[in-house]
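Number of protein chains: 2
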Amino acid sequence: MTADRRKFTREEPETRRADLIAAVLDLMAEAGPAETTVRAIADAAGLSPGMIRHHFTSKEDLVNAAYEAHMARQIADSERALGAGNARERLRRFVSASLTPPVVDPRAVSLWAAFLHMVRRDPAMRATHEATYLAYRDRLQGLIAAALAEAGRIAGRAELRRLAIACNAVIDGLWLEAGVLPEAFVAGEIETLGLVSVGALLGLDLAGGAA
Amino acid sequence: MTADRRKFTREEPETRRADLIAAVLDLMAEAGPAETTVRAIADAAGLSPGMIRHHFTSKEDLVNAAYEAHMARQIADSERALGAGNARERLRRFVSASLTPPVVDPRAVSLWAAFLHMVRRDPAMRATHEATYLAYRDRLQGLIAAALAEAGRIAGRAELRRLAIACNAVIDGLWLEAGVLPEAFVAGEIETLGLVSVGALLGLDLAGGAA
DNA sequence: CGGTGAATAATACGATTGTATAATTCACCG
DNA sequence: CGGTGAATTATACAATCGTATTATTCACCG
C-alpha cells in the first residue's frame, strides 16, 4: 500500500496562479494567517507544494498578489452598481452596494484583519491599501457633492471632506459590525440603516422611494 | 567567553503574569501575531521562555488572558469619563472618550485585527468579544435614550436599537480610520467629527457648548 | 516515434515553533 | 545555618515551517 502519487495535469500558468491566489484568500479568510502555510495552500488548490515557488518567487510574493487581487475585486464590487440615474440615486446605489454582499461578508472582514499587519510593514502593500482607501473616499465624496448640488445645496471643500469622512465612517462601521456579527442583524437591516444614516448625515432622504 | 546566564530575580506571580500579558499586547500590536512567539514574548518581558508555561498552562492560555485584559481596559477607558451631568453632556463625554486616546490608537486597531481570527474560533474569546461589544452598544443606547428623553423626544425600542447601531457604527468607523491612517487627520478632528455626526444621527446638538 | 524540456510532483533540509524536562537560584523555616 | 521547595533559567525534543533539490510526467518537435 504505497502512497498514491498526485495525478499529473498540465495547466496554463495563469490558471495555476489564479488557483493559488484563490486558495490563499480562502485560507486567510476561513482559517487565518497562521494556518495559511504553503502546504495548506497547495492542498486547498489541489496542487503539490512546490508549485508555489514555481509560479511565485516566494510565499510572500504569492500573498502580496492575493492581497492586490482581493482589493481590486472589492473596489470593482463597490462600483459595479453605480450605473446611470440622477446624483441622489447614484449615491443611494453606491451606499447599498457597499452594505450588501459580496462587499459585506464575514470573509472580507477576516481578510482585512489578516492582511493588516502585512500592510503595516510592507511598503508596497501599504501603498495599495492607502490608494484603495482614498479612492473609495474620493468616489464617495464626489457622489455626495453631486447629490448636495442636485438638492440645491452648496458645501465648501472642508465641509465636503468632513461629510465624506463621516459617511465613510458609518459605512465602514456597519460593514465591520455586519461582518463580525452577521447573525446579529436581519436581512437588509444593515443596508437600510446605512441609507437612513448617510441620509441623516447629509440632510438628504436616501431611503425613500426612487427619485 | 561563555553566554552569561540571565539574572535570577524572584517576583510576585501576579507581577510576572502582568508583565507577560503586557509583552504579548506589545508584540501583537507592533510586530503582529506571527512574530508573537514564546521566545519573543519572554524576551520582551525580560524573562526566560519557560516562564510562560510556568505562569500559564500554554501560550494560548496567555494570549487569551491578554485579550481579556485588553478588552477590559478598552471598556474602562470608554467609561472613565462618564461622570455626572445631564444626559446630553454624559453622552457627549462618552462619544468623546471613545474617539480620543487611549481608545483611539493605532495599537488598539492592530490588536483588534490580530485577535480577530482567534476570536472567531475560540468560543471563550468569542464570548468575551460579543459580551464586550453588546455591553458597549447597550451603554451607548442607554445614553441615547436618556438624551432623547431629556430633549422631550420619545423613541420606540426598535427605533432606539437602530439609532444605537448607527451611532456605534460611526464611532467604530472613525475609530478604525483614525487608527489605520492616523496621519490623515489633524488633532481633535475625529472627535469633533464624531460629535457632529452622532448629533446629526440623533437630531441633537452635541458639538455645541456644554449644557 | 524517440528526444527534449517546461510543468508538476515528491522528497530533503535547516530554521523555528510550542512544549517538556533538567538544572539552578535563593527566600524561608526549623 | 543547613535543608526545602517554589520560582526561575537553560536545554532538549518532536513537529512544522518555508525553501531547495531531485525525480517524474507528457505535450511538442524533428
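In order, the protein sequences belong to chains A and B.
Going by numbering that gives the first Met the number 0, the letters in the first sequence line up with residues 0 to 210, in that order.
Going by numbering that gives the first Met the number 0, the letters in the second sequence line up with residues 0 to 210, in that order.
Glycine included, C-beta positions come from ideal geometry on N, C-alpha and C.
Please read these numbers as outputs of a predicted model, since none were measured by experiment.
Query: Where does residue 0/B fall in DSSP's three states?; Result: Residue confidence for residue 0/B is low, a pLDDT of 46 falling below 50, so the modelled location carries little weight and cannot support an answer.
Query: Check this for me: beta carbons of residue 143/A and residue 90/A, under 8 Å apart or not?; Result: yes
Query: Report the start-end ranges of each alpha helix (DSSP H) in the segment 17 to 57 of chain B that is 4 residues or longer and not cut off at the edges.; Result: 37 to 44 and 49 to 54
Query: Taking Cβ positions only, does residue 164/B come closer than 8 Å to chain A?; Result: yes
Query: Comparing alpha-carbon positions, which option in 180/B, 207/B and 63/B lies nearest residue 108/B?; Result: 180/B
Query: Could you tell me the boundaries of the alpha helix (DSSP H) in which residue 153/A lies?; Result: Segment: none, residue 153/A is in no alpha helix (DSSP H) and carries neither H nor E.
Query: Within 10 angstroms of its Cβ, does residue 185/B collect 16 or more other Cβ (buried), or is it exposed?; Result: exposed
Query: Give the C-beta separation of residue 51/A and residue 39/A to the nearest angstrom, bearing in mind that I take them to be a contact with Cβ-Cβ under 8 Å.; Result: Residue 51/A to residue 39/A, Cβ: 11 Å. No contact.
Query: Counting Cβ pairs, one atom from each stretch, are 3 or more of them under 8 Å apart for the segment 69 to 88 of chain B and the segment 134 to 150 of chain B?; Result: yes
Query: For the 8 Å Cβ check, are there 3 or more pairs between the segment 143 to 154 of chain A and the segment 157 to 176 of chain B?; Result: no
Query: How would you label residue 172/A, buried or exposed, when you count the other beta carbons within 10 angstroms and need 16 or more for buried?; Result: buried
Query: Beta-carbon within less than 8 Å of residue 102/A's beta-carbon, same chain only, minus the 5 sequence neighbours each way: which residues are those?; Result: 73, 76, 77, 96 and 174
Query: CA-CA distance, residue 128/A and residue 196/B?; Result: 26 Å
Query: So, at 7 Å on beta carbons, what are the nonlocal neighbours of residue 25/B in its own chain, with the 5 sequence-adjacent residues on each side left out?; Result: 43
Query: Starting from the beta carbon of residue 161/B, find every residue of chain A whose beta carbon is closer than 7 Å, and list them in chain order.; Result: 192
Query: Would residue 23/B and residue 35/B qualify as a contact pair, given that the criterion is a beta-carbon distance under 8 Å?; Result: yes
Query: Quick one: does residue 69/B have its CB under 8 Å from some CB of chain A?; Result: no
Query: Buried or exposed: residue 46/A, going by 16 or more other Cβ atoms within 10 Å of its Cβ?; Result: buried
Query: Considering only residues of the same chain and omitting the five flanking positions on each side of residue 206/A, which have a CB-CB separation below 7 Å?; Result: 191, 194, 195 and 198
Query: Please state whether DSSP places residue 99/B in a helix, a strand or coil.; Result: coil
Query: Only counting the same chain, and skipping five residues up and downstream in sequence, which positions put a Cβ closer than 8 Å to that of residue 110/B?; Result: 24, 27, 28 and 69
Query: By Cβ distance, which residues of its chain are closer than 8 Å to residue 169/B, with the 5 residues on each side in sequence left out?; Result: 193, 196, 197 and 200
Query: Could you compute how far the alpha carbon of residue 56/B sits from the alpha carbon of residue 100/B?; Result: 33 Å
Query: Is the CB of residue 63/B under 8 Å away from at least one CB in chain A?; Result: no
Query: Going along chain B in order, which residues have a C-beta closer than 8 Å to the C-beta of residue 33/A?; Result: 32, 33 and 116
Query: Do residue 30/A and the ligand ZN come close, with the Cβ less than 7 Å from some heavy atom?; Result: As for the ligand ZN, it is missing from this structure, which has no ligand bound.
Query: Taking the Cβ atom as the reference point for each residue, do residue 98/B and residue 54/B lie within a distance shorter than 8 Å?; Result: no
Query: Roughly how many angstroms separate the alpha carbons of residue 187/A and residue 94/A, rounded to a whole number?; Result: 13 Å
Query: For the alpha helix (DSSP H) containing residue 191/B, name the first residue and the last one.; Result: 188 to 201
Query: Based on Cα-Cα distance, which residue from 204/A, 183/A, 124/A and 203/A lies nearest to residue 213/A?; Result: Lying before the first or after the last residue shown, residue 213/A is absent from chain A, which here runs from 0 to 210.
Query: Is DSSP giving residue 209/A helix, strand or coil here?; Result: Any reading at residue 209/A needs caution, since the residue's pLDDT is 46, under 50, leaving its predicted position unreliable; the model's value is listed next. Coil.
Query: Against residue 90/A, what residues of chain B qualify as contacts under a CB-to-CB distance less than 9 Å, listed in chain order?; Result: Result: empty, since nearest Cβ-Cβ is about 16 Å, beyond 9 Å.
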